[in-house]
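For reference, the structure discussed in these notes is given below.
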Amino acid sequence: MKTYIKKLHNRHIYLDIENSEISKLEKQNFDKLIDHYNKPLQVGVYSDNCELIDLLTKSGFSLKRKCYDLEVSKYDLKSPLENDIVNLFETRSGQLEYEYCCKMIYDYYAKTHYDVNPLTAKLDDFINRIPQTVIYTKSKDHIDYCAFVEENEIAYLASFSEDNSKSFLNSLLSHMFSKYKYIFFEADDTDWLATELRKMFKIDNPITFDSYIRDK
46 MKTYIKKLHN
56 RHIYLDIENS
66 EISKLEKQNF
76 DKLIDHYNKP
86 LQVGVYSDNC
96 ELIDLLTKSG
106 FSLKRKCYDL
116 EVSKYDLKSP
126 LENDIVNLFE
136 TRSGQLEYEY
146 CCKMIYDYYA
156 KTHYDVNPLT
166 AKLDDFINRI
176 PQTVIYTKSK
186 DHIDYCAFVE
196 ENEIAYLASF
206 SEDNSKSFLN
216 SLLSHMFSKY
226 KYIFFEADDT
236 DWLATELRKM
246 FKIDNPITFD
256 SYIRDK
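In terms of my numbering, the sequence shown opens at residue 46 and continues consecutively.
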């Protein structure tokens, strides 16, 4: 069992448990890690790994988040996209609008991760890890929604207003599917906007990547 720390979320100790190790581990192993590090423990596990999930739950871990990793086409949509498209704008690294969107996604990411694994990185460190192209909408001089994209991946979504979210997602998908047959995105169930995007698609019994946490 390996332990490590993530730069963006350094308040937790992350565990990497091989399947071959599961039968050899007991609650006492995690007790010792808690005593040693004096930090919460976090494990990422696929939802079909029943043996590891059973070990974690018996050892005091709780399910805190489910993450959907999706590859979809327009044929996977529950309903056809609407023809009423809102105006989309594009900005890139080095432009003023990009800097505003970076602050927006930083604050949004911090909010949607706070109850699971709080963001600890500074804004500059965070920006270095995200795509350099943003698709966004605005009303007057205010940016309402933004999506950080890299080729056919929607990497991050952000907004602090739920007004017209469906129109934004509809327009964003129209834009992406006009360029790519398939698109990729992750959707945490703690992220309301990514969840709204996920719910636009037909997904049959998906395997999710789940976060289990044991507090100190």
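C-beta: ideal position from N, C-alpha, C; glycine also.
Computed from a prediction, not measured in an experiment: that's the story for all the values here.
Backbone CA spacing between residue i and residue j [nearest angstrom]
i: L53; j: H158; result: 11 Å
i: K183; j: Y190; result: 7 Å
i: S138; j: V179; result: 9 Å
i: E207; j: K148; result: 18 Å
i: F246; j: L70; result: 39 Å
i: D186; j: Y145; result: 11 Å
i: H57; j: D169; result: 21 Å
i: Y257; j: S204; result: 27 Å
i: F75; j: L214; result: 42 Å
i: S107; j: I172; result: 31 Å
i: N209; j: D260; result: 38 Å
i: A155; j: L100; result: 30 Å
i: T253; j: H81; result: 30 Å
Residue i versus the options, residue with shortest Cα-Cα distance
i: E142; options: I252, A192, Y120; result: A192
i: T48; options: T253, L238, L78, T182; result: L78
i: Q140; options: K72, Q177, A155, E116; result: Q177
i: Q87; options: T102, E96, C95; result: T102
i: Y181; options: L218, R174, P163, A166; result: L218
Check whether residue i and residue j have beta carbons under 7 Å apart
i: D255; j: S68; result: no
i: V161; j: R110; result: yes
### Message
I want to know whether the segment 62–75 touches the segment 224–231 - three or more CB-CB distances under 8 Å.
### Response
In this structure the segment 62–75 does not lie against the segment 224–231, because fewer than three pairs of beta carbons, one per stretch, are closer than 8 Å.
#### Entry: Contact the segment 227–234 vs the segment 122–132: 3+ CB pairs below 8 Å
Judged by Cβ distances under 8 Å, the segment 227–234 makes no contact with the segment 122–132, as fewer than three pairs qualify.
### Start-end ranges of the beta strand (DSSP E) lying completely within the segment 67–123, minimum 3 residues
As far as the segment 67–123 is concerned, its whole beta strand (DSSP E) runs of at least 3 residues are 86–91, 107–117.
### Message
So within the segment 110–190, which uninterrupted alpha helix (DSSP H) runs reach at least 4 residues, ignoring any that extend past its ends?
### Response
Contiguous alpha helix (DSSP H) elements confined to the segment 110–190 occur at 141–158, 168–172, taking only those with 4 or more residues.
### Task
Give, in chain order, every unbroken run of the beta strand (DSSP E) that is at least 3 residues long and sits entirely within the segment 222–261.
Taking only runs of at least 3 residues, the beta strand (DSSP E) segments lying wholly in the segment 222–261 are 228–233, 254–259.
### Task
Tell me the start and end of each unbroken beta strand (DSSP E) in the segment 191–223 that is at least 3 residues and wholly inside, in chain order.
Correct list: 198–203.
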